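Accompanying notes for the structure given below.
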Amino acid sequence: MAISTREAEPEKERRRKRGSALGESHASSSQWRTDTEQKIYSSKLLEALRRLRRAESPAPPKSRAVREAADRALAVAARGRTRWSRAILSSRAILLKARKRRAREPVRSKRTGSAGCCPGSVMNNNSSNKTPALQRKARVLGRLVPGCRKLSFPNLLEEASDYIAALEMQVRAMSALTQILTAAGAGPSAGAPLEVHPDH
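And the structure:
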């Protein structure tokens, strides 16, 4: 009887840890649903868009640059508490270096032979069929959440839950900002209207 009690204790401990992790994930994602957090993010977003506009004046910023600025502001608002926010902030310098390197490299033509592509496609299909469905979905989810490709499944779910809640708040903030700018008839600074797309 004592043996079964000792065996039951680790299982209870594992359940307690899982419940604690889920509770922390819920608390982390809930912060993005508060009006205070949305106001904080909106102010950071507006500052980022103003800096972007000054850097690319007189032409309006491109939609991709606006999205990148919005994501960086979102990562700053997360205060480095999550892996995805740290990944967004740390990838900025790497992205700039990659763009400079691509600008210096000559354009190379792509080979279009059928002999090289077909075997690889068959191998990829065969390997994907052997991979469990849940593992494939987790792999796709890990690619969608910044910095989470190699996380364990429980940690991936925690990061994804927080990231989705943050994106939902981002959409609300950008939609509200777009309505304000549209009603005002101008961007956050003098000049032509700022190109802002609420969809992410």
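Numbering-wise, the UniProt record's numbering puts 31 at position 31 of the sequence shown, and it's gapless, one number per residue. Note that beta-carbon positions come from the ideal geometry of N, C-alpha and C, so glycine has one too. These numbers were taken from a predicted model, which means no experiment stands behind them.
Scanning its chain for C-beta atoms nearer than 8 Å, with the 5 sequence neighbours on each side dropped, one finds around Ala-160 the residues Leu-141, Leu-144, Val-145, Cys-148, in chain order. Per DSSP, the continuous alpha helix (DSSP H) segment holding Gln-170 begins and ends at 153–184.
Residue state for Thr-36 is assigned as helix, using DSSP reduced to three classes.
Taking a 10 Å sphere around the C-beta of Arg-33, we find fewer than 16 other C-beta atoms and assign the residue as exposed.
Residues Trp-32, Gln-38 of the same chain have their beta carbon placed closer than 6 Å to that of Met-169, with the five preceding and five following residues left out of the count.
By the C-beta density criterion, Ser-152 is exposed, having fewer than 16 other C-beta atoms within 10 angstroms. Listed in chain order, the non-local C-beta contacts of Leu-52 below 8 Å within the same chain comprise Pro-61, Ala-65, Val-66, Ala-69, local neighbours out to five positions each way being set aside. Between the alpha carbons of Arg-139 and Leu-156 lies a gap of roughly 10 Å.
Where Ala-138 is concerned, the enclosing alpha helix (DSSP H) starts and stops at 133–144. In this structure, Ala-173 sits near Ser-42, with a CB-CB distance shorter than 7 Å. Residue burial annotation: Lys-44 is buried, with at least 16 other C-beta atoms found within 10 angstroms of its C-beta.
Comparing alpha-carbon positions, the option among Ala-87, Ala-166, Lys-137 lying closest to Ala-77 turns out to be Ala-166. A direct Cα-Cα distance of roughly 12 Å separates Tyr-163 from Val-171. When the five nearest sequence neighbours on each side are left out, no beta carbon in the same chain lies closer than 6 Å to the beta carbon of Ala-176. Assigned with DSSP and collapsed to three states, Arg-81 falls in coil, not helix or strand.
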